[in-house]
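Engineer: This is the structure I have questions about; it appears just below.
Residue numbers (my numbering): 7 to 200.
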């Protein structure tokens, strides 16, 4: 006689084992259901994972496209960050140059004020010299003063006449040749307008 081959049945096995240990029948059935579900889950799970892993051609294409887009966006962000850094560097350079220009403009303003002050000083000094020289011409003989004024620059002669008293200037102009007197008079009138 041949021994009968029995197939292993976990439910029957655990029922016997549980009965031997005096577990209630409900607990035993719940345990068997749980065990069956667990075995099914383990068996089905790898198949399901393989489907997810390989997917359809369309899914793989979409995934590839997404990866490429992510890489493209990453490169663009890096380029933008680099450009932003370059712009900040340029901006700092421009700010530095502007500060230097502001400093130079301020220096030029200071120099301009100094030059204007020196010009005013020079103008006052020239005016004092002209007035002093005009007093000398006033005290001279009108004929000799007229001869001397005929020889000097018209602007200086005009300034001297302007600094003299009107009577003395008239006497000297009366002694100067007509053409020279006319030129001096014209120069004197423009000097008064300016």
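For glycine and all other residues, C-beta sits at the position ideal for the given N, C-alpha and C.
Note the first and the last residue of the continuous alpha helix (DSSP H) segment covering residue 163.
Structural biologist: Note, residue 163: alpha helix (DSSP H), 160-169.
Engineer: For the pair the region 145-163 and the region 111-126, tell me if three or more CB-CB distances fall below 8 Å.
Structural biologist: Counting Cβ pairs under 8 Å, fewer than three are found: no touch.
Engineer: Of the residues 116, 173, 114 and 118, which one's Cα is nearest the Cα of residue 143?
Structural biologist: Comparing Cα positions, the closest option is 173.
Engineer: Considering residue 142, what are the terminal residues of the alpha helix (DSSP H) in which it resides?
Structural biologist: Here the alpha helix (DSSP H) through residue 142 covers 63-145.
Engineer: Tell me whether the region 151-168 and the region 180-198 touch, counting them as touching only if at least three CB pairs, one residue from each stretch, are closer than 8 Å.
Structural biologist: As far as the Cβ criterion goes, the region 151-168 touches the region 180-198, which means the pair count is three or higher.
Engineer: By DSSP, does residue 183 sit in helix, in strand, or in coil?
Structural biologist: Residue 183: coil per DSSP, three-state reduction.
Engineer: Which residue from 129, 130, 189 and 132 puts its Cα closest to that of residue 155?
Structural biologist: Nearest C-alpha to residue 155: 189.
Engineer: Can you say whether residue 111 is buried or exposed, counting buried as having 16 or more other CB atoms within 10 angstroms of its CB?
Structural biologist: With fewer than 16 Cβ atoms within 10 Å of its Cβ, residue 111 is classed as exposed.
Engineer: For residue 167, count neighbouring C-beta atoms within 10 Å of its own C-beta (all shown protein chains included) and say buried if the count is 16 or more, exposed if not.
Structural biologist: Answer is buried; the Cβ neighbour count reaches 16.
Engineer: Under 6 Å Cβ to Cβ from residue 70, same chain only, skipping five residues before and after it: list those, please.
Structural biologist: Contacts found: none.
Engineer: Rounded to whole angstroms, what's the CA-CA distance from residue 57 to residue 42? Just pull it up for me.
Structural biologist: Low confidence applies here, because residue 57 scores a pLDDT of 47, under 50, leaving its location unreliable; read the following figure in that light. About 23 Å.
Engineer: Between the alpha carbons of residue 191 and residue 176, how many angstroms are there, rounded?
Structural biologist: C-alpha separation (whole angstroms): 11 Å.
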